[in-house]
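For the sequence shown, UniProt numbering begins at 1 and goes up steadily by one.
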Amino acid sequence: MSSLSAASIAHSSRSASLAGRVRAPGDKSISHRSLILGLLSVGETRIDGLLEGEDVLATARACRELGAEVDRVGEGEWRVRGVGVGGLKSPGKALDFGNAGTGSRLMMGVVAGHPIEATFDGDASLRSRPMRRILDPLEQMGATVVFSAEGGRLPLRLKGADRPLPIVYESPVPSAQVKSAVLFAGLNAPGETTVIEREATRDHTERMLRAFGAQVTVERRGPHGRLIRLVGQPELTPAAISVPADPSSAAFPLVAALIVPGSEVALDGVMTNPLRTGLLTTLQEMGADIALTNVREEGGEEVCDLVVRAGSLTGVDVPPERAPTMIDEYPILAIAASFAVGETRMRGLHELRVKESDRLAAVHAGLLGNGVEARIEGDDLIVVGCGAVPGGGAPVTTHLDHRIAMSFLVMGLASERPVAVDDSATIATSFPSFVPLMRSLGALIDFGEE
Ligand code: S3P
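In structure tokens, the structure reads:
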């Protein structure tokens, strides 16, 4: 706490019913990918609705360093003039990805497939995250790690392959970042690059590669898995990308509306890609009143307007195979579970230990600090809801994790006493407009200590 400025402390207080209609910012996953595919195609890619959070801005800067012209022409409106697969240059300085796991890992794939060298770095959170899961397949494709911190962590320097090899890679971890890095490296390899995933993860890379003209086929593999094949060395052609609202960001006003009594909130244009809707499924099983209206397609993804009304929730058992479809939503689900009646068991959360923070530990500590009964059993998080949360206590430690900060600020909106977080600055990585958007609905969120 002592190294953080007092201004980045924030707290939220019990609020009267929330009401209004808002749109969450553009999807973070799609925003990163649209810039990267813009870099890898020849000509002008037009993007609207880009998330202008720090994570994505770091990717935009990296695209420039690798040779693209990247311009902001209006709010959320960006133009990328790419250099094409094979046309990248070595950056003149280290690529600093800040807090962004997705940007850094996807870009490692891009660099690995080109005869260039780049240094990757980031903040303390990103420097602590595992990169071996990405480097292992990229080394198989011919890339080499020139140097790295212990265990292959950042800062690291990657030398791309002179002639990348197409591989068949079965990822030991369910990770869209690993899958995407291998596919991006495979773009500059001759022949077919194949990724096998035992559990299907978000498929924005596959969808967007097709939109830019690459040949990608997807088959089901086993009960939950997929096999993805990419034909290498395509001539990617620029596309117009309209970025839908991020379901992982919409999750915060959504859960706030469920737990603050009397609320009714509409969330416009939320992406409902089936590999991202685990939270909606779970909340509906808990008895949440969420209507999906005006279902339509935007930019190759299904979107809808959600209408959410407050009501009582019941604890449920969340199966482990649902994790990839809601991997970023467990912190906010744990908040909903605190206000539910009965126990919620979230199973198989091992991947949460290697996110922007150890989210399993951070959520557990934050819940206990605010008087909620919770425990960790193996990789399961169990939250014992009793319909009321005392709140208060020491500020929740966010460990440079935006989703921990936003989750606990949502908790305070319906707790008996205010809830504080030690660092709200981190929210700007994914949802810079979080505080004004929540306030526009009637949420009481303030900076500093209460
Ligand atoms: C992302 C994949 C997920 C997710 C992250 C975004 C992506 O990470 O947690 O916020 O855009 O590919 P993993 O691939 O590590 O599961």
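Glycine is no exception: its CB is placed at the ideal position from the N, C-alpha and C atoms. Treat the numbers as computed from the prediction; the structure is a model and nothing was measured.
Sequence-distant residues of its chain with Cβ nearer than 8 Å to residue i (five each side left out)
| i | result |
| --- | --- |
| glutamate 297 | Val303 |
| alanine 250 | Ala24, Leu267, Val270, Leu306 |
| leucine 368 | Ala374 |
| valine 354 | Arg129, Pro130 |
| glutamate 449 | Ala6, Ile9, His11, Pro395, Ala420 |
| glycine 103 | His32, Asp55, Val56, Ala58, Thr59, Ala62, Phe97 |
| glycine 43 | Arg81, Gly82, Thr237, Pro238 |
Distance between beta carbons of residue j and residue i, contact taken as under 8 Å
| i | j | result |
| --- | --- | --- |
| threonine 325 | arginine 359 | Rounded, the Cβ-Cβ distance is 16 Å, inconsistent with contact. |
| glycine 109 | serine 180 | 6 Å |
| aspartate 446 | alanine 10 | 7 Å |
| alanine 189 | leucine 165 | 6 Å |
| glycine 160 | alanine 112 | 5 Å |
| leucine 236 | valine 70 | Going by Cβ atoms, the distance from leucine 236 to valine 70 rounds to 16 Å, so no, they are not a contact pair. |
Contacts around residue i, its chain only, beta-carbon distance under 7 Å, and the 5 residues preceding and following it disregarded
| i | result |
| --- | --- |
| serine 3 | Caution applies to serine 3, whose pLDDT of 43 falls short of 50 and renders its modelled position unreliable; the model cannot decide the point. |
| serine 440 | Gly20, Val22 |
| glutamate 206 | Val216, Val218, Ile228 |
| alanine 16 | Gly442 |
| proline 390 | Asn370, Gly371, Ser415, Glu416, Arg417 |
| threonine 293 | Cys304, Asp305, Val307 |
| threonine 398 | Ile404, Ala405, Val421, Asp422, Asp423, Thr426 |
| glycine 299 | Ile241, Ser242, Val243, Pro244 |
| isoleucine 327 | Glu351 |
| glycine 342 | Thr314, Gly315, Gly385 |
| phenylalanine 408 | Gly366, Val396, Val419, Val421 |
| leucine 254 | Leu267, Leu306, Val308 |
From the options, residue whose alpha carbon lies closest to that of residue i
| i | options | result |
| --- | --- | --- |
| glycine 67 | Leu40, Leu230, Ala58 | Leu40 |
| glutamate 199 | Val173, Arg79, Ala414, Glu77 | Val173 |
| glycine 412 | Pro432, Asp401, Ala388 | Ala388 |
| serine 312 | Ala414, Ala405, Ala118 | Ala414 |
| valine 83 | Ala189, Thr45, Glu416, Ala143 | Thr45 |
| valine 410 | Ile332, Lys28, Leu106 | Ile332 |
| glycine 92 | Ile116, Asp71, Ala149 | Ile116 |
| lysine 89 | Ser104, Ala100, His114, Gly98 | His114 |
| asparagine 99 | Leu437, Ser407, Met438, Arg403 | Arg403 |
| leucine 349 | Glu285, Val363, Ala340, Ala336 | Val363 |
| valine 383 | Ser430, Val316, Val435 | Val316 |
| valine 80 | Glu192, Gly49, Leu37 | Leu37 |
| serine 357 | Thr426, Asn294, Glu343, Gly385 | Thr426 |
| threonine 429 | Gly26, Arg14, Gly53 | Gly53 |
| valine 231 | Phe184, Gly76, Ala94, Gly101 | Phe184 |
| serine 13 | Thr397, Thr344, Ala323, Val260 | Val260 |
| aspartate 121 | Arg153, Met141, Glu139 | Arg153 |
| arginine 210 | Gly393, Pro234, Arg309 | Pro234 |
| threonine 193 | Val243, Met141, Val111 | Met141 |
| residue 467 | Glu65, Gly87, Leu51 | Residue 467 is absent from the model: the chain starts at 1 and stops at 450. |
| glutamate 321 | Leu135, Ile134, Asp379, Leu444 | Asp379 |
| glutamate 65 | Lys159, Thr272, Ala118 | Ala118 |
| isoleucine 335 | Gly393, Ala323, Cys386 | Cys386 |
| threonine 281 | Pro319, Ala365, Val295 | Pro319 |
| isoleucine 167 | Val145, Ala149, Glu139 | Glu139 |
| arginine 345 | Glu301, Ala291, Val145, Met286 | Met286 |
| proline 238 | Glu301, Gly222, Gly191, Phe212 | Phe212 |
| glycine 49 | Arg347, Arg72, Glu77, Lys28 | Glu77 |
| glycine 101 | Ala361, Lys28, Val295 | Lys28 |
| asparagine 273 | Val265, Gln284, Ser248 | Ser248 |
Close beta carbons around residue i, own chain, < 6 Å, minus the five adjacent residues each side
| i | result |
| --- | --- |
| alanine 176 | Thr201, Arg202 |
| phenylalanine 147 | Arg157 |
| methionine 1 | Per-residue confidence for methionine 1 stands at a pLDDT of 36, beneath the threshold of 50, marking its modelled position as unreliable; the derived number appears in the next sentence. Asp422, listed in sequence order. |
| serine 34 | Ile47, Ile241 |
| methionine 107 | Ala62 |
| leucine 437 | Val22 |
| proline 137 | Tyr169, Val182 |
| proline 432 | Gly53 |
| serine 263 | Ser17, Leu18, Ala257, Ala310 |
| aspartate 289 | Arg309, Gly311 |
| valine 195 | Tyr169, Lys179, Val182, Ile228 |
| alanine 291 | Val307 |
Cβ of residue i within 7 Å of any chain B Cβ
| i | result |
| --- | --- |
| methionine 411 | The structure shown contains no chain B; it is built from a single protein chain. |
**Asked** Can you give, in chain order, each stretch of the alpha helix (DSSP H) that sits fully within the region 348–390 and has at least 4 residues?
**Response** 359–369
**Request:** Within the region 272–359, note down every full beta strand (DSSP E) run reaching 3 residues or more, in order along the chain.
**Result:** 289–298, 301–309, 341–346
**Asked** Which runs of the alpha helix (DSSP H) spanning at least 4 residues fall entirely within the region 39–117, listed in chain order?
**Response** 54–65, 101–112
**Item:** Length at least 4, wholly inside the region 226–272: the alpha helix (DSSP H) runs in chain order
**Value:** 247–259
**Request:** Just list the beta strand (DSSP E) runs in the region 155–186, keeping only unbroken ones of 3 residues or longer that don't cross its boundaries, in chain order.
**Result:** 168–170
**Request:** Any chance you could list the beta strand (DSSP E) runs of at least 3 consecutive residues sitting entirely within the region 125–149, in chain order?
**Result:** 144–149
**Item:** Start-end ranges of the beta strand (DSSP E) lying completely within the region 406–435, minimum 3 residues
**Value:** 419–421
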